[in-house]
Amino acid sequence: MVDDLNYKDFVILLSAFNPEAYIYYRRLTASERRCEELVTQVPESTRPLLRQIEAIQETTAKKAEAWNAVERSLNSRLQEAEAKAAGAEERERAVNERLSQTLSRINVLEAQISCLRTEQTQLTKSLEKERQRASESRQDYLALKEEADTHEGRVNLLQEEIKELKQKHKQELHKALTHRALLQQDVEREKAARLELEKAAHLQSSIVPEQNPIARTKSAFENGLARRLSNASSVSSMEESFYLQASLDSSDTLSERQNPGEPTLSSYHLKSKTPNAYEVALSK
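So the sequence shown is residues 1 to 284, counted in the UniProt record's numbering.
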């Protein structure tokens, strides 16, 4: 039974790989059968023919062996081809997997690129807004700088005017103080003269009963003294106004010029100064 199976497998493989050999094999098989039938039927005179048939059979067997060798070679080549096909399939599967991974990665990268483009668009818009704000801020800065330059020019002019006014007030104050000192000297002299006249009048009243010349002299003296005192009071009021104005100017100037540790002179402190001390404070 095993021989029958091998024979059948051989016939199938031979018919599959070499149809021409299969045809020859079938003819050989048919000839062998026919030869066997003829051997049983032919007489002794057919022996030479039988030998020819045996020779043909030997030749056919040799050809069959050659065809078997060809078949084995073809089988080995078939196995190699199948192994190569399996390797190619494995490589194709690996390539397909890598292609699938690459496609998925490409999709992820495309999504990231889309997000980055959206972010770039937003950043571009933000940059334009910031540039616009910077331009507006620069314009505001230039306008403020121009205004500051204008104010600085006005401040310089005002400072010059303040310096001129302070110089003028110093001169007027010096004149007023000089005039006041002269008036005070006159008042002192008048007081001294009045005291002397009172003493003389007192002495004369005890001696001479008549008082009309002394009364007239006393009245004239009192009128002159009152006039001088009114002038002194007007000078004093003008001097107080100078003190007030100069104290305000001095407080502003001293507050600007003072060092971090230097105390500020108050207007009350300036008013409480004597004229000479006040002149010294202004000269500083």
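Don't be surprised by glycine CBs; every beta carbon is placed ideally from N, CA and C. Everything numeric in this text was worked out from a predicted model, so none of it was measured.
Per the coordinates, the alpha-carbon of residue 98 lies some 37 Å from the alpha-carbon of residue 73.
Around the Cβ of residue 21, a 10 Å sphere holds 16 or more other Cβ atoms; the residue is buried. Within the same chain, Cβ atoms closer than 8 Å to the Cβ of residue 56 are found at 31, the five residues on either side in sequence being excluded. With at least 16 other beta carbons inside 10 angstroms of its own, residue 71 counts as buried.
Distance between residue 168 and residue 200, taken at the CA atoms: about 47 Å. Proximity of the segment 54–69 to the segment 103–114 falls short of the contact definition, fewer than three beta-carbon pairs being nearer than 8 Å. Contiguous beta strand (DSSP E) elements confined to the segment 137–217 do not occur, taking only those with 3 or more residues.
Per the coordinates, the alpha-carbon of residue 37 lies some 28 Å from the alpha-carbon of residue 68.
By the neighbour-count criterion, in which a residue is buried when 16 or more other Cβ atoms sit within 10 angstroms of its Cβ, residue 195 is exposed. In this structure, residue 13 sits away from residue 60, with a CB-CB distance that is not shorter than 8 Å.
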